[in-house]
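Before any comments, here is the structure.
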Amino acid sequence: MKTTHIIALLFITNLFLGPSPLHADNSNTNKKEDKTIELVQLCQKPVKTRGPGDTLSKVAKLKTIILWSETVTQKHGEDFAHWHKAKAKKIKCNKKQGSSYYYCDLRAIPCTYKKKEQEAEQDEPKTKNKS
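Residue numbers (this note's numbering): 14 to 144.
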């Protein structure tokens, strides 16, 4: 297997699975906190890409996902470029007639999540001071 294939597979594996639990910060595991953060999903218009192709269909698919992510980063920023947050994902890979390469067409809606803005509470006391 070529070095570029191995690097691509490692990159995509990290995209799908996220960081290893070994790298997680467990310093607060004994603290019990009940904090709830409300998130709002933000999405852009669908982004279409055609991958560079490869002799292996799975590698062609991975290359196309990487290209989609790079394209979304350029158009909308890194927050939207995460494949696992995208919606309406469609990937179709075919081998062109007379070619030994698979090419993939991809269409997905780039999305991200942001903290919900909450109204600021007023810190004014309810009782008025008499002067």
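Quick reminder that beta carbons are idealized off the backbone N, C-alpha and C, glycines included.
Computed from a predicted structure; not experimentally measured.
Please work out which residues of its chain come closer than 6 Å, Cβ to Cβ, to residue i, disregarding the five sequence neighbours upstream and downstream, and give them in chain order.
i	result
His36	Legend: pLDDT at His36 = 48, less than 50; position of this residue unreliable, value from coordinates given subsequently. Answer for His36: no residue qualifies.
Lys61	Arg120
Cys56	Ile122 and Cys124
Ile78	Trp96
Pro65	Lys76
Asp118	Arg63 and Lys105
Thr86	Ala94
Leu80	Thr62 and Gly64
Asp92	Thr125
Could you please give me the residues that DSSP links to residue i through a beta bridge?
i	result
Lys103	Arg120
Asp67	Tyr115
Lys108	Tyr115
Lys61	Arg120
Going by DSSP, what residue range makes up the beta strand (DSSP E) through residue i?
i	result
Gln54	Leu52 to Cys56
Lys129	No beta strand (DSSP E) contains Lys129, which DSSP labels as neither H nor E.
List the whole-angstrom C-beta distance separating residue i from residue j, where the pair is believed to meet the contact cut-off of C-beta under 8 Å.
i	j	result
Lys74	Ile104	6 Å
Ala94	Ser82	5 Å
Please go through the same chain and pick out, in chain order, the residues whose beta-carbon is closer than 7 Å to the beta-carbon of residue i, but skip the five residues on each side of it.
i	result
His89	Gln57 and Pro123
Thr84	Val60 and Thr62
Ala99	Ala121, Ile122, Pro123 and Cys124
Between which two residues does the alpha helix (DSSP H) containing residue i stretch?
i	result
Thr77	Ser70 to His89
Less than 8 Å between C-beta atoms, sequence neighbours within five positions excluded: which residues of the same chain meet that for residue i?
i	result
Tyr114	Gly66, Asp67, Thr68, Ala73 and Lys108
Ala101	Pro59, Arg120, Ala121 and Ile122
Leu52	Tyr126, Lys127, Lys128 and Lys129
Gln54	Cys124, Thr125 and Tyr126
Closer than 7 Å to a non-hydrogen atom of the ligand FAD - does that hold for the CB of residue i?
i	result
Lys61	Of ligands this structure carries none, so the ligand FAD is not represented either.
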